[in-house]
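A.B. asks: Have a look at this one before I ask anything.
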Amino acid sequence: MRVAKRAASGQLGASVTQASDGHPAKDAYSSAQEWAAKTKEAVEAGDDDRAKMFAGNAKKCAAAARTLLRGREPKDAYPDPGDPAIVNAAPPPRPPEEARAAQALAGAAGIGGRARLLPAREDGGQSAAWNDKDFAGSATVYPATDDEPGYARVVFHRLDEDQYQALADSPWPYRTENGQVIYDQVPVDHAEQIIHAASRRRPAKPWEEHGLSSDSHRATLDSEEAAKLWPESQSWAGNLSNPQKNWFTKYTNTAYKSINQHLYEGKTVEEPAAGLKVKMKTVTKHLDAGIEAAGVSETPHRVYRGFTPPTEVRKNNQVSSWVRENFVVGGRYRDDSYMSVSHCPSIASGFSRRNWSDYSSGKYESGQADHGVVFEAVTRRGAPLASVSRFNNFERERLMPRNTDWVVVGVHEDVVVGGKKVMLVQLCDAQDSRRY
């Protein structure tokens, strides 16, 4: 829509008005205005592909008007908005997602025509490059494969001091080589934020893209908000079969330990989990179907999960460095089992252990690390377990599908959750990551 508006701009219109009567630029500009109007109609009708085609036609007509004003003939005839064959033509096929993403990365550089899309690479990547006086770089988008999600590689060839500082103050790790700043592999939407940070000379805060904050405290979930989880759960559970309800209740009782351990260890679902009498494929069939029945919410849930690092990490009081090494912004975290989360930060914090005990030296040792670890996650999925849980709504619990992929969008130190100082790891459900 912006392309169409620029094509039929008032500035061009003023120049056309000053031309003599019957000047051919007047017809070209009039055609640009008609295409701009058709673009607006297509946008309002939700036909984005046709709107893009009409906007391109408006741009061609405006270019023809400018050429004619300079006393030259356009190289090609401009599209006639009165020609039904042109108006009703099928929009051209959309370029592949990596090409659309690379175009967005070029736009993020904020230097207009000095950023451009390059020809597709032989390795399947699609590159964009930009080159301004003090700001030059390139980005390549690689498509997803069966095993790996798509990603981008960003290289800054030239930066001024403020641009470099903006990148240094942003949360993504990078390396430098021969005067270049290089991000080897980041999610494509993160690459766009990185380029924006440099072009605007302002550090990026990727967690804010998902409604999260860097505040140093997380409050207990308000009782009125907690109460809203109950009717949601009743509505969901009312559509479950009795075996599905029974397995969710067993899961929240004690079965979660053996079920998740079985999945963590990658054991076959043809065997029962420890302490269970039925094959795991029967258990997962009921739990998977029940979680899927919860659907996808229109608005994201903000949920929390306590996490306990290995004993050695807590014993050496290295929780902070361990988290920063294992949860890198832009990196992925995958849970192979079912993952319980709570809508209440304080409840989740209670499941993050800081204390440790050790008998390995032949004598009993114990202590407590400075930090716990809490995940703060945003997702539109998950089953609200209150009405089928052994604990009713006490834990404010939602159960995520097994094998859920998350993207790390923030890591914050010394956040107080439930009266406990923690490393707060912020996650976004990978299914909600921006697509192009």
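For the sequence shown, the residue numbers in the working numbering are 438 to 873. Ideal placement from N, C-alpha and C gives every residue a C-beta, glycine not left out.
1) Would you mind reading off the limits of the beta strand (DSSP E) that contains Q617?
2) DSSP state of D464, grouped into three classes?
3) In the DSSP assignment, find the unbroken alpha helix (DSSP H) run with V397 in it and report its ends.
4) Nearest-angstrom Cα distance between R553 and P532?
5) Taking just the CA atoms, how far does R655 sit from H780?
6) Less than 8 Å separating the beta-carbons of G561 and P586?
7) Assign C781 to one of three DSSP states: helix, strand, or coil.
8) From the DSSP output, in three-state form, read off D725 for me.
9) In the DSSP assignment, what are the bridge partners of F593?
10) To the nearest whole angstrom, what separates the beta carbons of C498 and A526, a pair I think is in contact under 8 Å?
11) Out of curiosity, what's the CA-to-CA distance linking K955 and S446?
12) Using a Cβ-Cβ cutoff of less than 8 Å, which residues in the same chain neighbour D807 once the five nearest sequence positions on both sides are dropped?
13) Pull up the distance between the alpha-carbon of R871 and that of K682, whole angstroms please.
14) Can you name the start and end residues of the beta strand (DSSP E) that E553 belongs to?
15) Does DSSP classify S870 as helix, strand or coil?
16) Taking all protein chains shown into account, do 16 or more other C-beta atoms lie within 10 angstroms of the C-beta of A482, making it buried, or fewer, making it exposed?
17) Is DSSP giving R509 helix, strand or coil here?
18) Determine the contact status of K714 and E707, defining contact as a CB-CB distance below 8 Å.
19) Specify, as a first and last residue, the run of the beta strand (DSSP E) that H436 falls within.
20) Using a Cβ-Cβ cut-off of 7 Å (strictly less than) and excluding sequence neighbours within five positions of D517, which residues of its own chain qualify?
21) Is the beta carbon of P782 closer than 8 Å to that of Y741?
22) I'd like the list of long-range same chain contacts for A536, defined as Cβ closer than 6 Å, with 5 residues on each side in sequence excluded.
23) Enumerate in chain order the residues of its own chain whose CB-to-CB distance from S786 is below 7 Å, with the five nearest sequence positions on each side excluded.
C.D. replies: The answer reads as follows:
1) Counting along the chain, the unbroken beta strand (DSSP E) around Q617 starts and ends at Q617 to V623.
2) helix
3) What is shown of the chain runs 438 to 873, which leaves residue 397 out entirely.
4) 15 Å
5) 12 Å
6) no
7) coil
8) Correct three-state label for D725: helix.
9) G574 and V618
10) Under the criterion of beta carbons closer than 8 Å, C498 and A526 do not qualify as touching, at roughly 15 Å.
11) Given a span of 438 to 873 for the chain in the structure shown, any question on residue 955 remains unanswerable.
12) N754, V756, S757, R791 and K858
13) Take the alpha-carbon of R871 and the one of K682: they are about 34 Å apart.
14) In the sequence under discussion, the amino acid at residue 553 is Arg, which differs from the Glu named in the question. Here the beta strand (DSSP E) through R553 covers A552 to L554.
15) coil
16) exposed
17) coil
18) 8 Å or more divides the Cβ of K714 from the Cβ of E707.
19) The displayed coordinates of the chain run from 438 to 873. Any statement about residue 436 would go beyond what the structure contains.
20) S468 and I523
21) Result yes, Cβ atoms of Y741 and P782 sit closer than 8 Å.
22) Q563
23) G743, G809, V811, V854, G855, K857 and V859
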